[in-house]
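Structure first, then comments.
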Amino acid sequence: MEYLIRFAQAHESFRQSEIQALADLAGVKLEFLHYDKNSPFCIIRVPDEAAARAVITRSIIAKDIFELWGQGTNFDEVYADVRRRTEDRWAQYKDSSFRFTIDSFAGKRSSEKKREIIQSFSFLGFKGPIRMKNPDQDFWVFEDYGLDLNSPGTPRPEGQEPKIIYFGRWIANSSRDVVNKYDLKKRRYISTTSMDAELTLITANMAHAAPGKLFYDPFVGTGSFLVAMSQFGAETFGSDIDGRSFRGKEMMERGGTMGVLSNFQQYDMVGKFMDVFTSDLTNTPLRSAQFLDGIICDPPYGIREGLRVLGRREGLKNEEVIIDGVPAHYRPGYIAPKKPYGFEAMLNDILNFAVRTLVTNGRLAMWMPTANDEEVELAVPMHPNLEGLVDSSPIEGYQKDKSQTFHKAGKSWMLRECTQTN
138 MEYLIRFAQA HESFRQSEIQ ALADLAGVKL EFLHYDKNSP FCIIRVPDEA AARAVITRSI
198 IAKDIFELWG QGTNFDEVYA DVRRRTEDRW AQYKDSSFRF TIDSFAGKRS SEKKREIIQS
258 FSFLGFKGPI RMKNPDQDFW VFEDYGLDLN SPGTPRPEGQ EPKIIYFGRW IANSSRDVVN
318 KYDLKKRRYI STTSMDAELT LITANMAHAA PGKLFYDPFV GTGSFLVAMS QFGAETFGSD
378 IDGRSFRGKE MMERGGTMGV LSNFQQYDMV GKFMDVFTSD LTNTPLRSAQ FLDGIICDPP
438 YGIREGLRVL GRREGLKNEE VIIDGVPAHY RPGYIAPKKP YGFEAMLNDI LNFAVRTLVT
498 NGRLAMWMPT ANDEEVELAV PMHPNLEGLV DSSPIEGYQK DKSQTFHKAG KSWMLRECTQ
558 TN
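Yeah, the sequence shown ends on 559 if you go by the working numbering, and it's all consecutive.
See below:
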């Protein structure tokens, strides 16, 4: 059956990737029949209504999904298509309470015209009561006027006709409302490198975070990805070369402590948080065995974050430091020496680590820049034991927080997702 997805106008390059990932997670065979990045509407084919619900209910980029009853470039075409597709099923909705809604993308209609459009569907023969709240059946008319690329935020003047019209029966909402719940502005513990909540949730979907799965972030920072993975039911843990990033500072005036744990307390998800520990991925203490269902990470990059691994710079002697008769590395607050490390070498380390630790069909979702500080394009890393699934289009000018960007002007970011094969 054909269904209509209505997307939010955000992160267009991730739309199809997220929906396909959710279909794979639900075991649903999905086919994209029509999609245009400049439109919020997408037509898919899935086996039935249950499959449509399974795909959309976890989506972050989509708003909702509808059973497609008809489409056309004008209303006469829509009426004819509705008769062709659904006339044999009208009787089952005859006595149900119902509601009609008109939604215009990049255009507008007067209230009088909206009433006229709704009344034009009287041929459906519905006799049930009209109920504006919680109706048995919710029907929508979508008008797509086409995005004006010269002024994308401005609707077309009233009087123009839409390029295409869709008519559908509402099936299910997505999980887009949780984006507001995890908004960084409302979160207890963040830093300048905390990733946008919406992007972390999308990444968790594409990596198949789910109940009964174990997920790991080797560059955990303030735990943004851990929170997103736990939202979808995964058990999570992480590490970072600098333990101060996830511990936070004591808040004496509030009688508590900051840190990653405080975020899980805020969202009442402590049961999904295993722990975080100080570690360097290149010299990881984790065993080389296939025990992880997923890895999600955003490796440090650039001058501000700096990329380091444990160890001393070449030429420096490894001399043991004794303080009050105790080796320095045994004392509280010890910070291990670090040395610079190449970003491309780190990418290869991440892939090698994934191959050693992911279960079969486990997924790696990794953010990386498309170019280095010298504006030289970075090749997407590959590994013979990893199957590339998604190579998203770059996100231009992606901001890590309100005031600072994670990269110099002109840089952009893309998501890399892989699944391990035998």
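Glycine is no exception: its CB is placed at the ideal position from the N, C-alpha and C atoms.
Along the chain, where does the alpha helix (DSSP H) containing THR340 start, and where does it finish? As a first step, residue 340 is located in the sequence shown; it is residue number 203 there, counting from the start. THR340 -> alpha helix (DSSP H) spans 334 to 343.
Contact with chain B by ASP285, beta-carbon distance below 7 Å: No chain B is part of this structure, which consists of one protein chain only.
Mind checking which residues open and close the alpha helix (DSSP H) that includes THR494? Numbered from 1 along the sequence shown, position 357 holds the residue referred to as residue 494. It spans 480 to 494 - the alpha helix (DSSP H) in which THR494 sits, taken as one unbroken run.
Compute the distance between the beta-carbons of PHE352 and MET411, then report whether it is under 7 Å. Working through the sequence shown from its first residue, we reach residue 352 at position 215. Working through the sequence shown from its first residue, we reach residue 411 at position 274. Not in contact: PHE352 and MET411 (Cβ atoms no closer than 7 Å).
Here's the rule I'm using: 16 or more other beta-carbon atoms within 10 Å means buried, otherwise exposed. How should SER425 be labelled? Residue numbering aside, residue 425 sits at position 288 when the sequence shown is read from its first letter. Counting Cβ neighbours within 10 Å, SER425 comes out exposed, since fewer than 16 surround it.
Around the C-beta of ILE327, are 16 or more other C-beta atoms found within 10 angstroms, so that it is buried, or is it exposed? Counted from its first residue, the sequence shown places residue 327 at position 190. With 16 or more other Cβ atoms within 10 Å, it is buried.
Rounded to whole angstroms, what's the CA-CA distance from LYS97 to ALA189? Just pull it up for me. Since the first and last residues shown for the chain are 138 and 559, residue 97 lies out of range.
Taking all protein chains shown into account, do 16 or more other C-beta atoms lie within 10 angstroms of the C-beta of ASP185, making it buried, or fewer, making it exposed? Within the sequence shown, the letter at position 48 stands for residue 185. Per the 10 Å Cβ criterion, exposed.
Nearest by alpha-carbon distance to MET283: which of GLU298, ILE181, ARG222 and ILE432 is it? Residue numbering aside, residue 283 sits at position 146 when the sequence shown is read from its first letter. Note that residue 283 is Gly in the sequence shown here, rather than Met. For the residues GLU298, ILE181, ARG222 and ILE432, the minimum Cα distance to GLY283 belongs to GLU298.
So ASP320 and ALA334 are supposed to be a Cβ contact under 8 Å. How far apart are they, rounded? Here the question's residue 320 lines up with position 183 in the sequence shown. Here the question's residue 334 lines up with position 197 in the sequence shown. ASP320 to ALA334, Cβ: 6 Å. Contact.
Reference TRP504; option with closest CA among ASP173, VAL183, LEU484 and HIS148: Within the sequence shown, the letter at position 367 stands for residue 504. Out of ASP173, VAL183, LEU484 and HIS148, LEU484 has the C-alpha closest to the C-alpha of TRP504.
Alpha helix (DSSP H) segment containing ASN420, residue limits: What you label residue 420 is simply residue 283 of the sequence shown in a count that begins at 1. Here ASN420 belongs to no alpha helix (DSSP H), and DSSP marks it neither H nor E.
Determine the burial state of ASP281: buried for a count of at least 16 other Cβ atoms within 10 Å of its Cβ, exposed for fewer. Start at 1 with the first residue of the sequence shown, and residue 281 comes out as number 144. Buried, since its Cβ has 16 or more Cβ neighbours within 10 Å.
Determine the contact status of LEU444 and TYR478, defining contact as a CB-CB distance below 7 Å. Looking up residue 444 in the sequence shown gives position 307. Looking up residue 478 in the sequence shown gives position 341. Going by C-beta atoms, LEU444 is nearer than 7 Å to TYR478.
Three or more C-beta pairs below 8 Å linking the region 164 to 177 and the region 266 to 276: As far as the Cβ criterion goes, the region 164 to 177 does not touch the region 266 to 276, which means the pair count is below three.
Rank PRO177, LEU515 and TYR140 by C-alpha distance to the C-alpha of GLU149 and give the top, closest one. Working through the sequence shown from its first residue, we reach residue 149 at position 12. Of PRO177, LEU515 and TYR140, the residue nearest in Cα terms is PRO177.
Simplified DSSP state of ARG195, which is helix, strand or coil: Here the question's residue 195 lines up with position 58 in the sequence shown. Looking at ARG195 - three-state DSSP - the assignment turns out to be coil, as it is neither helix nor strand.
Using only alpha-carbon positions, find the residue among THR359, GLY462, VAL517 and ILE433 that is nearest to ALA482. Within the sequence shown, numbered from 1, the residue matching residue 482 stands at position 345. Per the Cα distances, VAL517.
What are the partner residues of ASN175, as DSSP defines its beta bridges? Start at 1 with the first residue of the sequence shown, and residue 175 comes out as number 38. Beta-bridge pairing links ASN175 to no other residue.
MET389 classed as buried or exposed, judged by whether at least 16 other C-beta atoms fall within 10 angstroms: Numbered from 1 along the sequence shown, position 252 holds the residue referred to as residue 389. Note that MET389 scores 36 on pLDDT, short of 50, meaning its location in the model is unreliable; the coordinates nonetheless yield the value given after this. By the neighbour-count rule (16 or more Cβ atoms within 10 Å), MET389 is not buried but exposed.
Take THR494 as the anchor and find which of THR421, GLU224 and GLY262 has the nearest alpha-carbon. On the sequence shown, residue 494 is found 357 positions in, with the first residue counted as 1. Looking at the Cα atoms, THR421 is the closest of the given residues.
Considering Cα atoms alone, identify which of ASP161, GLU139, GLU524 and SER399 is closest to ASN342. Counting from 1 along the sequence shown, the entry for residue 342 is found at position 205. Cα-wise, what sits closest to ASN342 is ASP161.
Alpha carbon to alpha carbon, how far is VAL165 from PRO474? Give it in angstroms, no decimals. Indexing the sequence shown from 1 puts residue 474 at position 337. Indexing the sequence shown from 1 puts residue 165 at position 28. Taking the straight line joining both Cα atoms gives about 49 Å.
Can you tell which of SER154, ALA491, ASP173 and ALA191 has the C-alpha that lies nearest to the C-alpha of THR419? For this step, residue 419 is matched to residue 282 along the sequence shown. Of the listed residues, the one whose Cα sits closest to THR419 is ALA491.
Nearest neighbour of PHE263, chosen from SER257, ALA228 and SER241 [CA to CA]: Along the sequence shown, read from residue 1 onward, the residue named residue 263 stands at position 126. For the residues SER257, ALA228 and SER241, the minimum Cα distance to PHE263 belongs to ALA228.
For MET366, which three-state DSSP category applies? Taking the first residue of the sequence shown as position 1, residue 366 is located at position 229. Note: MET366 maps to helix in three-state DSSP.
So, is PHE260 buried or exposed, given that buried needs 16 or more other C-beta atoms within 10 angstroms? Here residue 260 corresponds to residue number 123 of the sequence shown, with the count starting at 1. With fewer than 16 Cβ atoms within 10 Å of its Cβ, PHE260 is classed as exposed.
Between SER361 and SER331, which are expected to be in contact by the criterion C-beta below 8 Å, what is the C-beta distance as a whole number of angstroms? Reading the sequence shown from its first residue, position 224 is the one you call residue 361. Reading the sequence shown from its first residue, position 194 is the one you call residue 331. At roughly 5 Å, the Cβ-Cβ gap stays under 8 Å, so SER361 and SER331 are in contact.
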